[in-house]
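Working notes for the structure below.
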Amino acid sequence: MIDTLKEHISQVEKFNADKADEIEAFRIKYLGKKGLINEFFAEFRNVPNDQKKEYGQAINQLKDLAQDKVSSLKEILENGQEQVKQYGDLTRPGAPFELGSRHPISIVKNQIVEIFSRIGFNVSEGPEMEDDWHNFTALNLPEYHPARDMQDTFFIQTDPDILLRTHTSSVQVRYMENNQPPIRTISPGRVYRNEAISARSHCFFHQVEGLYIDKGVSFADLKQTLQYFTTEMFGKSRIRLRPSYFPFTEPSAEVDVYWGLETETDYRMTKGTGWLEIMGCGMVDPNVLENCGIDSKTYSGFAFGMGIDRIALLLHQISDIRMLSENDIRFLKQFKSAL
Ligand code: DAH
2 MIDTLKEHIS
12 QVEKFNADKA
22 DEIEAFRIKY
32 LGKKGLINEF
42 FAEFRNVPND
52 QKKEYGQAIN
62 QLKDLAQDKV
72 SSLKEILENG
82 QEQVKQYGDL
92 TRPGAPFELG
102 SRHPISIVKN
112 QIVEIFSRIG
122 FNVSEGPEME
132 DDWHNFTALN
142 LPEYHPARDM
152 QDTFFIQTDP
162 DILLRTHTSS
172 VQVRYMENNQ
182 PPIRTISPGR
192 VYRNEAISAR
202 SHCFFHQVEG
212 LYIDKGVSFA
222 DLKQTLQYFT
232 TEMFGKSRIR
242 LRPSYFPFTE
252 PSAEVDVYWG
262 LETETDYRMT
272 KGTGWLEIMG
282 CGMVDPNVLE
292 NCGIDSKTYS
302 GFAFGMGIDR
312 IALLLHQISD
322 IRMLSENDIR
332 FLKQFKSAL
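In the numbering used here, each residue's number is its place in the sequence shown (first place is 1) plus 1.
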């Protein structure tokens, strides 16, 4: 008899369950009205007197153990359910963490920056809201200069001296005002022009400006630098410089790169010529150097400016510039693998 009791004690100690009905079945088995413990109590009177003490203690121990077991298992079960209520199913797989992608403008900008940084150019930036001096006057574009009309400017209404910069050439001025040669810097950034928005033009876009000032810098240096750039950027080393006009450079040129006529796209992009215009450039006008506090008798230099958006459209075969600012996830996702 006593052995059976001891056997139950060790079973109760080992018992474990994590479902409400299992715990309830256990409770009924031991502690229910017709349960084992009551049965053992009923047996008490049949136990020989000399064993009554030991037997009684064993029943009480079994009863306590069974009660403790039921209440502790119930507690664990309830706590667990509360956690599930709070956090949901803790064993479910995690929500996928989607990686973003870089914007095509950033991709192209980073490539350009990287290529020029390899030959010693640093990166400089300036404000998008500029004053007349930095955007125009210091760049040899005094008031009433007809070339100002080339750039449809957004003015800030309350102050005609303040405007949204129309090109990143304004950063040249700021850089020269604050640094003496040798200067080798490129300035990427957003620019604004009051133009009708279409598939081919937008009222804001992005440029990279380049500036190199030192003793004895020549037009040949400019040409060599640009050829290095087109080779690294596009894998095309054939360039040509067409005479052009910019108020801030003299002489000035427009740079074309020979794209080739291998595919139908080449034909379309180059209008059948094989040549693609990619930037403006020239030798910095001595007036500009002087305006910015650099001695034009000692120093000379070159500058160039190119549109990032246009290059992004070209390289990624994008047919509408508006795609670049519409935040359409289906479009942006396509650049996921690009750095
Ligand atoms: N600022 C010119 C534009 O927005 C681009 C440019 C041309 C920049 C010639 C230059 C340059 O530095 O030398 O169209």
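Beta carbons: idealized from backbone N, C-alpha and C, even for Gly.
Model, not experiment: these values are computed from the prediction.
DSSP, read as helix, strand or coil, puts T138 in helix. The C-alpha of K7 is placed about 7 Å away from the C-alpha of A59. Looking at the DSSP output, A254 shares a beta bridge with P244 and C282. Assigned with DSSP and collapsed to three states, N17 falls in coil, not helix or strand.
Residues of the same chain with a CB within less than 7 Å of the CB of I38, apart from the 5 flanking positions on each side, are Y31, L32, I60, L63, K64 and A67 in chain order. Distances from the alpha-carbon of K334 to those of R103, Q84 and L91 put R103 closest. Taking 8 Å as the cut-off, the C-beta of V285 counts as close to a heavy atom of ligand 1. Taking 9 Å as the cut-off, the Cβ atoms of F332 and I108 do not count as close. For the pair Y300 and S170, the Cα-to-Cα distance works out to about 19 Å.
With respect to T186, G211 sits close: the two C-beta atoms are nearer than 9 Å. For S188, the beta-bridge partners assigned by DSSP are E210. At least one heavy atom of ligand 1 falls within 8 Å of the beta-carbon of L212. For the pair L140 and N328, the CB atoms are not nearer than the 9 Å cut-off. By DSSP's assignment, G308 forms a beta bridge with Q208.
With distances taken between CA atoms, D310 lies nearest to K110 out of A21, A43 and K110.
For E79, the enclosing alpha helix (DSSP H) covers residues N50 to Y88.
For the set V114, R194 and I116, the Cα lying nearest the Cα of M130 is the one of R194. For P94, no beta strand (DSSP E) run applies, since DSSP gives it neither H nor E.
By the C-beta density criterion, R175 is buried, having at least 16 other C-beta atoms within 10 angstroms. Under the three-state reduction of DSSP, D267 is assigned to helix.
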